[in-house]
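Q: Here the sequence shown is numbered in this note's numbering, starting from 12 and rising by one per residue.
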Amino acid sequence: MLPSQEYPSLLLENVVSELSKLPSIGRRTALRLALSLLKRDERDTRALGEALVNFRSQIHFCRRCHNLCDGDMCTICANPKRDTSTICVVENIGDVMAVENTAQYHGVYHVLGGIISPMEGIGPADLEIDSLLKRVEEGGINEVLLALSPNMEGDTTSFYIFRKLAAYNVRVTTIAKGVSVGDSLEYTDELTLGRSIVNRVEFHK
């Protein structure tokens, strides 16, 4: 007796299973995407597959700030017009894009790659905190802007970094409270986030 299948094709079932592993993609959405690909020209599907494989195998992380890039350094760090004396510390690459979309910040970034979360087993050693401290230690940094999501984990991470930066002569600021507590920075509207960047305040314990 053949094992039961949810879909008429095992090939379709495999595609749906893989797509549904992505964040915010349930099996219904995965099925719609799979069937949509089936309607497109086969060359389009091949191009998508190649783009995904190339992205995963060839993408780099900026050696300075850990943003995504195609080479050794991202376009922001390599831009001579950016204010390299100000570092905006963010949780992930999506947050870099969110802040950039506001057009209100002209410094450089530092991507932590996450936030401290004991519940998920993520501690300071799992994040790019030591490399941030090294950048500050090398000199030329006047301000570190902590632009982490205003939730418990984000606040814990900000306080940890603030304590670590106390040994250096650097101004530590944080985004103004225009961003609601509990919101994710990546999904905050550009106007609110932009105002929070412009009106940033000194970080206090």
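Ideal Cβ placement from N, Cα and C applies to all residues, glycine included. Treat the numbers as computed from the prediction; the structure is a model and nothing was measured.
Identify which residue in Tyr120, Asn90, Ile126, Leu156 has its Cα closest to the Cα of Leu176.
A: Leu156
Q: Taking the beta strand (DSSP E) that Glu154 falls in, what are its first and last residues?
A: Membership of Glu154 in the beta strand (DSSP E) is indicated by the continuous run 154-157.
Q: Would you give the residue range spanned by the alpha helix (DSSP H) that Thr60 belongs to?
A: The question names Thr, but residue 60 in the sequence shown is Gly. Its alpha helix (DSSP H) spans residues 53-69.
Q: Just checking my contact of Cys88 with Ala158 at CB under 8 angstroms: how many whole Å lie between their CB atoms?
A: Not quite, the Cβ-Cβ distance comes to about 17 angstroms (not below 8 angstroms), so this is no contact.
Q: If I measure Cβ to Cβ from Glu29 and keep anything under 7 angstroms in the same chain, skipping five residues before and after, which residues do I get?
A: none
Q: In terms of residues, what are the limits of the alpha helix (DSSP H) holding Val26?
A: 21-30
Q: In the DSSP output, what is Leu79 paired with across the bridge?
A: Phe72
Q: Leaving out five residues on either side along the sequence, give the residues of the same chain with a beta carbon under 6 angstroms from the beta carbon of Tyr179.
A: Val147
Q: Just verifying my parser: in three-state terms, what is the DSSP assignment at Gly105?
A: helix
Q: Could you pull the start and end residues of the beta strand (DSSP E) that Tyr120 belongs to?
A: 118-122
Q: Report, in whole angstroms, the separation of the C-beta atoms of Ile126 and Gly151, which I expect to be a contact under 8 angstroms.
A: Actually they are not in contact, since the Cβ atoms of Ile126 and Gly151 sit about 26 angstroms apart, beyond 8 angstroms.
Q: Does the beta-carbon of Pro11 have 16 or more other beta-carbons within 10 angstroms, so that it is buried, or is it exposed?
A: There is no way to answer for residue 11, as the model of the chain reaches only from 12 to 216.
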